[in-house]
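Student: Counting from 0, one number per residue, gives the positions in the sequence shown under numbering that gives the first Met the number 0. Even for Gly, the Cβ is constructed at its ideal location relative to N, Cα and C.
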Amino acid sequence: MDVRSLTMPVEEAEVLSAEQVVELVLERLHPRVALACSFQKEESVLLDMLLEREPGARVFALDTHVLFPETYATWRTVEQRYGIEVEVFQGPSLGRQAATHGDALWERDPELCCAIRKVAPLGRALAGLDGWISGIRRDQSPTRAETPKLAWDERHELWKACPLAGWTDDDVWAYVRERDVPVNPLHERGYASIGCTHCTRPGDGRDGRWAGSSKTECGLHV
Ligand code: SF4
0 MDVRSLTMPV EEAEVLSAEQ VVELVLERLH PRVALACSFQ KEESVLLDML
50 LEREPGARVF ALDTHVLFPE TYATWRTVEQ RYGIEVEVFQ GPSLGRQAAT
100 HGDALWERDP ELCCAIRKVA PLGRALAGLD GWISGIRRDQ SPTRAETPKL
150 AWDERHELWK ACPLAGWTDD DVWAYVRERD VPVNPLHERG YASIGCTHCT
200 RPGDGRDGRW AGSSKTECGL HV
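1. From this set, G204, V180, G82, which residue's C-alpha is nearest A191's C-alpha?
2. Grouping DSSP H, G and I as helix and E and B as strand, with all else coil, what is K40?
3. Please tell me whether I135 and H197 are closer than 8 angstroms, where the distance is taken between their beta carbons.
4. Quick check on this structure: which residue in A12, F38, Q19, T167 has the alpha carbon closest to the alpha carbon of V180?
5. So, do the segment 123-131 and the segment 95-108 have three or more beta carbon pairs nearer to each other than 8 angstroms?
6. Contact between the segment 51-67 and the segment 16-28 is defined here as three or more beta-carbon pairs at a separation below 8 angstroms; is this criterion met?
7. In three-state terms, what does DSSP make of G202?
8. Determine the DSSP secondary structure at K214, reduced to helix, strand or coil.
9. With hydrogens ignored, establish whether the beta-carbon of T215 is closer than 7 angstroms to any heavy atom of the ligand SF4.
10. Between the Cα of L46 and those of M7, V182, A97, E13, spot the shortest distance and give me the residue it belongs to.
11. Looking at the structure shown, is G130 part of a helix, part of a strand, or coil, going by DSSP?
12. Could you tell me the alpha carbon to alpha carbon distance between R107 and E187, rounded to whole angstroms?
13. Taking the alpha helix (DSSP H) that V14 belongs to, which residues open and close that run?
14. Pick from F59, E69, A97, G211: whose alpha carbon is nearest that of V87?
15. Kindly identify the DSSP beta-bridge partner or partners of C195.
16. Taking all protein chains shown into account, decide if Q79 is buried (16 or more other Cβ within 10 angstroms of its Cβ) or exposed.
17. Secondary structure at V221, three-state DSSP: helix, strand or coil?
18. Helix, strand or coil: which one does DSSP assign to V180?
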């Protein structure tokens, strides 16, 4: 069946709670839907919501090979807590990248670096799925301000759900505290947003991502 022809209540989803959006996509798309997990606090919330409702729910991560040790530790923690194995899609090894593009590509050409370390693995992760779930929120940046809770993703040709689109930072932290879910310890050290080591500094919102450059997105959500 053409996944686009699936009837999805896009407009109705806007008035649903985050939990209801999660239930909706599980009901309509599981097991051909997966959470894209970057081990930030938003994914901690979504992992908990998703796995409480469907222990067999699918979760994948993009391993750029330059994530923080704290992020890899959070990865192991959530796998143990929920008894899951996160599906992994990787960028090239540092050695292979250096041989092809030279050292420190993130400094010389961050767009290309993101393209081969994040965007290409995402394409492989989404191939064969009917939908994906993302933790992005509207208040994180102007580029995310119009994020719908549920929409057809034209670029990747599948459904995309953002159950936390309307949540604030305070909403996320309230859920984390109430459910005592494991979160990346870097958040407590001033990193509101967490990506790769070379391109992430402490900062509010997404200020710490590619700080000092005009780059604001890695290309996964544009
Ligand atoms: S965030 Fe930085 S290190 Fe990570 S893929 Fe993009 S440019 Fe490369």
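Tutor: If we stick to the structure as given:
1. G204
2. helix
3. no
4. F38
5. no
6. yes
7. strand
8. coil
9. no
10. V182
11. strand
12. 30 angstroms
13. Neither: V14 is in no alpha helix (DSSP H) and is coded neither H nor E.
14. F59
15. L66
16. exposed
17. coil
18. coil
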